[in-house]
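Worksheet: the structure to be examined is printed underneath.
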RNA sequence: GGCCCCUUCGUCUAGUGGUUAGGACGAAGCCCUCUCAAGGCUUAAACACGGGUUCGAGUCCCGUAGGGGUCACCA
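Numbering (this note's numbering), first residue to last: 791 to 1297.
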């Protein structure tokens, strides 16, 4: 256990491609643990595999954190990102950030000397040794073991050569202690017991190209950077005993471990492209709120419990209530219907001006709004009409497009009310237009009162008159509520469209 | 195959020996209603299986089955 220091967690992805939301759920758990405890959270890029490195990856990872609003107390700075060949013109995440007492660099390829030094320390202390078998030789050894139906385990005794010149190309392997057992006190899973005799080959900790492997690099960094809780995907559980041995070989205290269960697709299998392995950006672009995504991700595997049945949480509430001992042990499945519902809930809770700001970029992209600033006020007024019927931000366009641009005069058959003749529809429109034009105040309450009175005057049912008006002013059969819609639209536009409709009906 | 993890409605889950097994999403129905929604009410829907332990098991133990992870000079 790391004692006497604050909770410090980290997210340490390998920049080898685009991270899907499942990875960010693990990151969110780590972030929540840190914030709940008033501790720190930082980002470390584990790029010790140069062959799989994808230069677009660091940027995607950092911008995802930015969009989600998960702040970092440390991470790759501008210079580090430049060295990683991330776009020159990109400002980078940490230029305005601070490194609050957490030692960097935060990119593993910039820490090679540290790993080398630590690997040599283990050789000197007898916990590791040099080896230089070629991959062909190793393959042959595996085949031979296979043929004898026994498991291939590489140990110091198995190596072909032991007199290795430190100046020649070679790897350093960790010498696994195969006696006794290792117990991992996992914060989520409880005690997990491993028989050390079952452990696999002595792992390479320093590759012949001078790069460390995960096992060495992550343990060294977590120690040097003061990580108190190692929160990671459950796929790491099998190598946890090895990690404990490495930490012990250095004489360090080990951190709390928490292995987070996987997230599966709706086929029960590992998340794939087809089953929803999307990036954070894809959700953003599809019109999801970060609040909803975060809420949804947090509840995949975590629940408040204790009889509390709250479903909708703000980030602050999650920070206040999250704890690892409430994280379930079993894998969860993405169910996007629930995300949609959460999105609705968070949309409804957003203040109108804020919601309008979120909707605006989508309307601009969809060509509904051209002059955003000029039309912002109208947009804010529309929010009360919209927020109850929007599932995603992309839904807004269909409800508001006719407020911001002219509409073609609807076809005549659309201008005839239910169970009404053409002349009757025309009459009703003409009379109602007259009433609306004479209305002293063109606000929602006045409009409603006047139109309901019109139903009586004309002996029409609300459904008849109102659908007629709706179609005439919007050109649509599905719109926000009529009275509020007319008020926001304004008398001038309403009269213009009603008169056109009357003309289209021949009169 | 060895080792490890997991198993409550379709999905996310509550439950820590005694419950009519609760909630949410989704589904169906009803109500409300100017369309679409929202909202309200109601219904269907689960303890993987088999043995124990116990007066009593979703809860404890042991098996079985199923799912997943891992066994690289990848992370």
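The beta-carbon is built from N, C-alpha and C at its ideal position, and this holds for glycine as well.
Counted as a single uninterrupted DSSP element, the stretch harbouring residue 971 is not any alpha helix (DSSP H) but the beta strand (DSSP E) occupying residues 971–976. Contact between residue 831 and residue 799 is confirmed by a C-beta separation of about 5 Å, below the 8 Å threshold. The three-state reading of DSSP puts residue 926 in helix, counting H, G and I together. With a contact defined as Cβ atoms closer than 8 Å, residue 962 and residue 913 qualify at about 6 Å. Within the same chain, 1292 come within 6 Å of residue 1220 by CB-CB distance, once the 5 residues on both sides are set aside. With fewer than three CB-CB distances shorter than 8 Å, the segment 923–932 does not count as touching the segment 899–910. Nearest neighbour of residue 803 by Cα position, chosen from 1276, 822 and 855, turns out to be 855.
Distance between residue 1255 and residue 1053, taken at the CA atoms: about 52 Å. If you draw a straight line from the Cα of residue 918 to the Cα of residue 964, it is about 4 Å long.
Bridge pairing for residue 1054: 1060 and 1123 [DSSP].
Here the alpha carbons of residue 1139 and residue 1125 stand approximately 22 Å from one another. Secondary structure at residue 1178: coil, using DSSP grouped into helix, strand and coil. Residue environment analysis places residue 1160 among the exposed positions, since fewer than 16 neighbouring C-beta atoms fall within 10 angstroms of its C-beta.
Classified as buried, residue 1033 has 16 or more neighbouring CB atoms from the shown chains inside 10 Å of its CB. Taken in chain order, the complete beta strand (DSSP E) segments of 3 or more residues contained in the segment 992–1027 are 994–996 and 1019–1023.
A direct Cα-to-Cα measurement between residue 1081 and residue 1136 gives close to 7 Å. Taking 8 Å as the cut-off, the Cβ atoms of residue 1049 and residue 979 count as close. The Cβ-Cβ distance between residue 1102 and residue 811 does not fall below 8 Å. Between residue 1183 and the set 995, 1132 and 1031, the nearest pair of CA atoms involves 1132. DSSP places residue 1044 in the coil class of the three-state scheme, outside both helix and strand.
Taking a 10 Å sphere around the C-beta of residue 1134, we find 16 or more other C-beta atoms and assign the residue as buried.
In the three-state scheme derived from DSSP, where H, G and I count as helix and E and B as strand, residue 799 is classed as strand.
Residue 853 carries a helical assignment under DSSP once its states are collapsed to helix, strand and coil. The shortest CA-to-CA distance from residue 1083 to any of 1128, 1194 and 1097 is the one to 1128. Per the C-alpha coordinates, the member of 1274, 1237, 813 and 1249 positioned closest to residue 1022 is 813. Distances from the CA of residue 1281 to each of 1244, 1223 and 1261 were compared; the closest alpha carbon is that of 1223. Counting C-beta atoms within 10 angstroms of its own C-beta, residue 988 has fewer than 16 neighbours from the protein chains shown and is therefore classed as exposed.
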